[in-house]
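Working notes, beginning with the structure itself.
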Amino acid sequence: TVGCVVVDREGRCAAGTSTGGLMNKMVGRIGDSPLIGAGTYASELCGVSCTGEGEAIIRATLARDVAAVMEYKGLELQEAVDYVIKNRLDEGFAGLIAVSDKGEVACGFNCNGMFRGIATEDGFMEVAIWE
Amino acid sequence: MGGWAIAVHGGAGVDPNLPAERQEEAKQLLTRCLNLGISALESNASAIDVVELVVRELETDPLFNSGRGSALTEKGTVEMEASIMDGTRRRCGAVSGVTTVKNPISLARLVMDKSPHSYLAFSGAEAFARQQGVELVENEYFITEDNVGMLKLAKEANSILFDYRIPPVGCAGEAAATAIDLPTKMNGLPISVYSPE
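Encoded structure:
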């Protein structure tokens, strides 16, 4: 699974996710990536793209939950990411990347590593795999 | 108002034994995609256009599980899915079960922009792709030798394998042993619970 989240200079957020799914999956299986609110979500506040155990991400509506805890609990982006990764996945394993309309970027995962890269206009850039 | 920001991912759940050169390969692709997005943002491209541009690049490179290099079904075929969402007015588009669309993310974008719906799947999505004139390729284009080997592992281990880039080992048998040793779980249950499905 691959994904990208972006906030532009106008503060507009967007998210996209694309995948082949699980190796040896049943024909016709649909995972979290195409499900808006599960693997992908964007609103005025943030953009989110998820990856990992699709069935766990779907049950948690993981991407929407980041926006929801920002809206209703007033959490900042990284707090919201940490909160949903910690509290929403039950025993499932997943990771996600997110941006906010304030130009913040965040990622979180509870599994072994995540291929990710992040960058902001003030020059910060990081490409990593492990914790 | 802050400045622009961008993040990309290539999947979570990485095999701890991934060889260093494969890790380096992955980092180079992620860096290339970040730079592609950054130069578009520096040229004042919109967030939704940059998302589509970067995910297309990730789909076209066979390294990660999407587009070319997608995971294989139990039948050894590729069925892809993608979605895109624009935070402004929360517009969205998604496709599932596409087998000949070179860049599923662009078809999802067309569902969002050019159809009255949010989600098209399987034969309907393929018909819409032909109607919209997106680039179509044979299903074989998406299948890589690596993934044919990974599917063999998964079948020998009788499990559904996550998108682990299992290190290329001497023989499939040995690698299969590795796969069987990996106690992969899904939702906290042994993955074998799902295989019979």
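From first to last, the protein sequence lines stand for chains Y and H.
Sequential numbering from 1 applies to the first sequence in the working numbering.
Sequential numbering from 1 applies to the second sequence in the working numbering.
Glycine included, every Cβ here is placed at the ideal spot set by N, Cα and C.
Check                                                                                                                                                                        : Outcome
Would you please state the rounded distance, in angstroms, between the beta carbons of Y/Leu-62 and Y/Arg-88? I believe it to be under 8 angstroms.                          : 6 angstroms
Evaluate Y/Pro-34 with the Cβ neighbour count: other Cβ atoms within 10 Å of its Cβ, from every protein chain shown; 16 or more gives buried, anything less gives exposed.   : buried
Would the beta-carbon of Y/Thr-40 be found less than 7 angstroms away from any heavy atom of the ligand FAD?                                                                 : What this structure holds is no ligand at all, so the ligand FAD is not there to describe.
Check whether chain Y comes within 8 angstroms of H/Gly-87, counting only Cβ atoms and requiring the distance to be less than that.                                          : yes
What's the call for Y/Glu-53, buried or exposed, on a 16-neighbour Cβ count within 10 Å?                                                                                     : buried
Give me whichever residues DSSP pairs with H/Lys-152 in a beta bridge.                                                                                                       : Beta-bridge pairing links H/Lys-152 to no other residue.
Output needed for Y/Gly-37: all residues of its chain with C-beta closer than 8 angstroms, excluding positions within five of it in sequence on either side, in chain order. : Thr-61, Ala-63 and Arg-64
Helix, strand or coil: which one does DSSP assign to H/Val-14?                                                                                                               : coil
Going along chain H in order, which residues have a C-beta closer than 8 angstroms to the C-beta of Y/Asn-121?                                                               : A small fix is needed here, since residue 121 of chain Y is Glu in this sequence, not Asn. In chain order: Gly-2, Gly-3, Trp-4, Ala-5 and Leu-41.
Nearest to Y/Gly-132 by alpha carbon, out of Y/Glu-55, Y/Ala-68 and Y/Lys-25?                                                                                                : Chain Y is shown only over 1 to 131; residue 132 of chain Y falls outside these bounds and no answer can be derived.
Given that H/Tyr-141 touches chain Y, what residues does it touch there, using C-beta distances under 9 angstroms?                                                           : The contacting residues do not exist; H/Tyr-141 stays about 12 angstroms from chain Y at best.
Restricting to runs no shorter than 4 residues, where is the alpha helix (DSSP H) found entirely within the segment 35-100 of chain H?                                       : 47-60
Here's the rule I'm using: 16 or more other beta-carbon atoms within 10 Å means buried, otherwise exposed. How should H/Pro-62 be labelled?                                  : buried
Any residues in the segment 52-73 of chain H with a beta carbon nearer than 7 angstroms to a beta carbon of chain Y? Which ones, in chain order?                             : Glu-52, Val-54, Val-55, Leu-58, Glu-59, Phe-64, Asn-65, Ser-66, Gly-67, Ser-70, Ala-71, Leu-72 and Thr-73
For a minimum of 3 consecutive residues, which ranges assigned as the beta strand (DSSP E) are wholly contained in the segment 13-53 of chain Y?                             : 13-19, 40-42 and 46-52
Using only the alpha-carbon positions, how far apart do Y/Leu-75 and H/Gly-87 sit?                                                                                           : 18 angstroms
Would you mind giving the Cβ-Cβ distance between Y/Gly-138 and Y/Val-2, rounded to the nearest angstrom? I have them listed as a contact below 8 angstroms.                  : Absent from the structure is residue 138 of chain Y, since the part of chain Y shown begins at 1 and ends at 131.
Let me make sure I understand the geometry here. Which of Y/Met-26, Y/Phe-93 and Y/Glu-126 has the alpha-carbon closest to that of Y/Ala-106?                                : Y/Glu-126
So which of H/Ala-26, H/Val-95 and H/Arg-90 has the shortest CA-CA distance to H/Leu-110?                                                                                    : H/Val-95
What does the Cβ neighbour count give for H/His-9, buried or exposed, with the cut at 16 atoms within 10 Å?                                                                  : buried
What is the C-beta distance between H/Arg-41 and H/Ile-84, in whole angstroms, given that I count them as a contact (C-beta under 8 angstroms)?                              : A quick correction: the sequence has Leu, not Arg, at residue 41 of chain H. With 8 angstroms as the limit, H/Leu-41 and H/Ile-84 do not qualify as a contact, their Cβ atoms being about 17 angstroms apart.
Under the rule that 16 or more other beta-carbon atoms within 10 Å means buried, what is H/Ala-20, buried or exposed?                                                        : exposed
How about Y/Gln-13 and Y/Ala-42: are their beta carbons less than 8 angstroms apart?                                                                                         : Sequence check: residue 13 of chain Y is Cys here, not Gln. Yes, the pair counts as a contact, with Cβ atoms nearer than the cut-off.
Counting only beta-carbon atoms, is H/Gly-37 nearer than 8 angstroms to chain Y?                                                                                             : yes
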